[in-house]
């Protein structure tokens with residue numbers, strides 16, 4: 316027997332509330348005491364333990380992944396492993412509780428393997444591309460490919476999910492391209508917006524709403540209303556603050572007009588953001604700043620503008636990041652920003668290209684806050700096209716938003732936008748998940764539109780090559796690290812993986828089913844231990860692909876790698892059964908081998924549908940009863956007599972037909 320005595324002097328801060336450890340009952344069990352003051356809310360968090368709150372006094376609310384409940388003295392609340400929970404005291408006296416927790420390894424593993432149930436619609440956003448050029452493979456490999464794969468999977472799982480993007484027409488980079496091409500920014504935006512949409516279609520990206528930001532009066536009115544509300548926020552001040560100007564032309568410098576050394580990491584950075592470390596800058600704080608317009612060192616002047624005082628938003632940002640489960644690299648970016656001290660971001664800039672900032676003649680709304688609110692307008696536009704009453708000015712708490720973007724945009728998407736939402740939509744608690752990719756390199760260097768160091772999507776994409784390109788982008792996608800693209804590597808994926816391994820196996824299997832069983836799946840006969848192990852391996856593969864596509868474990872690279880490993884396993888399994896004399900003398904064993912291989916080929920179709928939709932559909936058409944519309948809940952062996960004819964997929968993919976993949980010379 317043990318006795319623990321609690322003293323309020325032992326309280327310390329943990330998870331945003333006052334706690335005291337009472338001791339541990341064993342290596343797997345623990346006890347603590349907690350006190351939540353009036354109006355205090357604990358930080359969102361989750362554990363691998365099973366946990367129970369025993370409320371001793373006071374009243375409040377507990378919020379979890381599944382909803383919100385009221386609690387008072389005498390209530391006990393049980394949390395499963397990894398169930399996010401928040402305790403809020405909405406009364407006028409302390410809420411005291413005892414926390415009891417214990418570890419159950421099997422329960423934790425079971426919970427980790429499950430995907431989170433979704434309520435309400437899910438809106439998957441790929442970062443709106445800047446229409447100052449077409450999309451190259453560096454662009455496509457990241458947000459657009461990732462968002463398409465994830466959305467396809469969610470829809471197969473029965474989730475009401477939509478992929479949304481658009482053209483970010485008012486970006487300053489559009490005006491820069493227009494000056495180079497000696498035309499208007501509007502013409503540049505319209506032309507490249509159309510080109511971008513065509514390239515996304517070539518990649519087989521299903522986009523349910525593509526929102527162009529020009530020419531929509533409703534969009535302009537909504538942005539103006541959001542701007543007016545933002546100006547009333549206590550986080551926004553009207554300030555006369557430093558600004559950077561070209562020494563010769565007197566032109567205001569920001570974004571593409573200026574480069575220098577990042578004040579955070581010291582590396583080379585463009586105006587307003589550092590692509591290397593992700594930190595924002597104010598242009599005038601760049602080291603060794605240089606203007607794009609002249610060789611003279613820029614001059615520091617001042618401008619009167621509304622500015623978002625970011626440190627006033629840190630509590631809201633922190634709560635959001637904890638609840639959303641962002642990658643640690645984004646948490647590191649936020650921590651570095653907080654260490655820099657005061658940071659006030661102008662939300663308008665002098666320019667003649669952009670949405671006018673009411674009350675600030677000659678200035679436009681900065682395009683990044685515009686984008687934050689543009690996401691909500693895009694949801695409204697999608698709803699209007701479907702007859703759904705989704706209102707941008709009243710975002711729903713049941714909306715699940717998922718953002719796909721490159722790390723260089725992390726500050727805007729994961730830090731700035733939640734801060735803006737908290738100031739403009741105080742009634743809304745955004746539910747946002749983030750998927751971030753790194754840079755995709757071309758022959759060891761960054762893809763560059765301006766330097767023409769790029770392989771454009773239209774160079775390699777066609778109906779016959781799109782699946783190979785998607786497979787290769789999946790195998791080399793820059794997730795957590797920078798990866799490299801070469802045309803030689805793409806050719807190897809086509810010739811040495813897709814053609815030589817995948818199609819050769821399917822061809823051999825199809826021929827044997829055709830000649831021995833008249834194109835029908837045989838019934839299994841005698842099962843060896845190897846057969847049983849292979850059957851189990853098919854289910855292991857299916858479950859692994861489900862995890863790789865899901866929000867919790869999302870990784871296109873892992874999915875592509877797993878399917879390649881699985882097909883190699885199928886080839887190895889077939890090779891171990893490929894003995895002519897044994898097939899004649901032990902036909903029951905041969906039937907089992909073929910029945911299992913047809914089952915493996917059948918499971919490829921739905922599990923490949925998010926990654927390689929065109930190939931998956933063609934493969935499914937050759938096997939009766941196989942669908943790419945729904946995700947398989949488990950592996951089911953094909954019924955004996957099922958039609959199995961893979962000629963359509965074998966004929967269509969027999970040769971790429973694309974000179975960029977077949978020729979030996981590089982671009």
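In my numbering, the protein residues as written are 316 to 982.
Where a beta carbon is used, it is the ideal one built from N, C-alpha and C, also for glycine.
Since this is a predicted model, take the numbers as computed values, not measurements.
What are the start and end residues of each continuous alpha helix (DSSP H) run of 4 or more residues lying completely inside the segment 450 to 477, in chain order?
As far as the segment 450 to 477 is concerned, its whole alpha helix (DSSP H) runs of at least 4 residues are 460 to 471.
Excluding the 5 residues flanking residue 863 on each side, which residues of the same chain have their C-beta closer than 6 Å to its C-beta?
Cβ within range, chain order: 870, 873 and 874.
If residue 443 sits next to residue 480, beta carbons under 8 Å apart, how far is it from one beta carbon to the other, in whole angstroms?
Between residue 480 and residue 443 the Cβ distance is about 6 Å, and since that is below 8 Å, they are a contact.
So, at 7 Å on beta carbons, what are the nonlocal neighbours of residue 670 in its own chain, with the 5 sequence-adjacent residues on each side left out?
Around residue 670: 485, 535, 538, 679, 680 and 685.
Only counting the same chain, and skipping five residues up and downstream in sequence, which positions put a Cβ closer than 6 Å to that of residue 983?
What is shown of the chain runs 316 to 982, which leaves residue 983 out entirely.
What three-state label does DSSP hand residue 910 in the structure shown?
Residue 910 falls in the helix class under three-state DSSP.
When the Cβ atoms of the segment 695 to 709 are set against those of the segment 567 to 574, are three or more pairs found closer than 8 Å?
The segment 695 to 709 is not in contact with the segment 567 to 574.
Contact between the segment 514 to 529 and the segment 583 to 593 is defined here as three or more beta-carbon pairs at a separation below 8 Å; is this criterion met?
The segment 514 to 529 vs the segment 583 to 593: no contact.
Take residue 617 and list the residues in its own chain whose beta-carbon comes closer than 8 Å to its own, dropping the five residues that flank it on each side.
Counting only Cβ-Cβ distances below 8 Å, and skipping sequence neighbours, we find 555, 556, 557 and 558.
Whole-angstrom Cβ separation of residue 373 and residue 331, contact assumed at under 8 Å?
Incorrect: roughly 16 Å between the Cβ atoms, too far for contact.
Which one of 950, 524 and 946 has the shortest CA to CA distance from residue 441?
Answer by Cα proximity: 524.
Thinking just about the alpha-carbon of each residue, which of 901, 868, 902 and 857 is nearest to the one in residue 880?
Looking at the Cα atoms, 857 is the closest of the given residues.
Could you round the C-beta distance between residue 597 and residue 623 to whole angstroms and report it? I think they count as a contact, below 8 Å.
With a Cβ gap of about 12 Å, residue 597 and residue 623 do not count as contacting.
Can you give me the C-alpha to C-alpha distance between residue 909 and residue 952, rounded to a whole angstrom?
Computed Cα separation, rounded: 11 Å.
Which partner residues does residue 615 have in the DSSP bridge list?
Note: residue 615 sits in a beta bridge opposite 559.
Threshold first: 3 residues or longer. Then list the beta strand (DSSP E) segments lying entirely within the segment 486 to 534, N to C.
Taking only runs of at least 3 residues, the beta strand (DSSP E) segments lying wholly in the segment 486 to 534 are 524 to 527.
Taking a contact to mean a Cβ-Cβ separation below 7 Å, would you say residue 791 touches residue 780 in this structure?
Contact: no.
Using only CA atoms, which one of 411, 384 and 365 lies nearest to residue 326?
For residue 326, the nearest C-alpha among the options comes from 411.
Within 10 angstroms of its Cβ, does residue 940 collect 16 or more other Cβ (buried), or is it exposed?
Residue 940 comes out exposed.
Report, in whole angstroms, the separation of the C-beta atoms of residue 279 and residue 697, which I expect to be a contact under 8 Å.
Lying before the first or after the last residue shown, residue 279 is absent from the chain, which here runs from 316 to 982.
Less than 7 Å between the beta carbons of residue 805 and residue 830, yes or no?
No, Cβ-Cβ distance for residue 805 and residue 830 is not below 7 Å.
Rounded to the nearest angstrom, how far is the Cβ of residue 377 from that of residue 400, given a contact under 8 Å?
Contact holds; Cβ gap of about 6 Å.
So, with DSSP's three-state summary, where would you put residue 395?
It is coil, neither helix nor strand.
So what's residue 826 in DSSP terms, helix, strand or just coil?
Three-state result, residue 826: helix.
Express the C-alpha separation of residue 723 and residue 921 in angstroms, rounding to a whole number.
Answer to the nearest angstrom: the Cα atoms are 34 Å apart.
For residue 514, tell me which candidate among 385, 493 and 451 has the shortest Cα-Cα distance.
Nearest option by C-alpha distance: 451.
Under the three-state reduction of DSSP, which class applies to residue 608: helix, strand or coil?
Of the three classes helix, strand and coil, the one that applies to residue 608 here is coil, per DSSP.
For the segment 912 to 920 against the segment 456 to 463, do three or more pairs of beta-carbon atoms, one drawn from each stretch, fall closer than 8 Å, so that the two count as touching?
Output reads no: the segment 456 to 463 does not touch the segment 912 to 920.
Assuming residue 888 and residue 850 are in contact, meaning their beta carbons sit under 8 Å apart, how far apart are those beta carbons, in whole angstroms?
Between residue 850 and residue 888 the Cβ distance is about 10 Å, and since that is not below 8 Å, they are no contact.
Across which residues does DSSP place residue 721 in a beta bridge pair?
Partner(s): 752.
Suppose you measure from the CA of residue 714 to the CA of residue 475; what does that come to, to the nearest Å?
Going from the Cα of residue 714 to the Cα of residue 475 covers about 11 Å.
Any idea if residue 664 is buried or exposed, counting beta-carbon neighbours within 10 angstroms, 16 or more meaning buried?
Under this definition residue 664 is a buried residue.
Output yes or no for whether 7 Å exceeds the beta carbon distance between residue 828 and residue 950.
Result no, Cβ atoms of residue 828 and residue 950 do not sit closer than 7 Å.
Tell me where the beta strand (DSSP E) around residue 636 begins and ends.
Careful: residue 636 lies outside any beta strand (DSSP E), inside the alpha helix (DSSP H) at 629 to 639.
Quick one: any contact between the segment 716 to 730 and the segment 739 to 749, if contact means 3 or more CB pairs under 8 Å?
Yes, they touch.
Cβ atoms of residue 359 and residue 638: under 7 Å apart, would you say?
Yes, Cβ-Cβ distance for residue 638 and residue 359 is below 7 Å.
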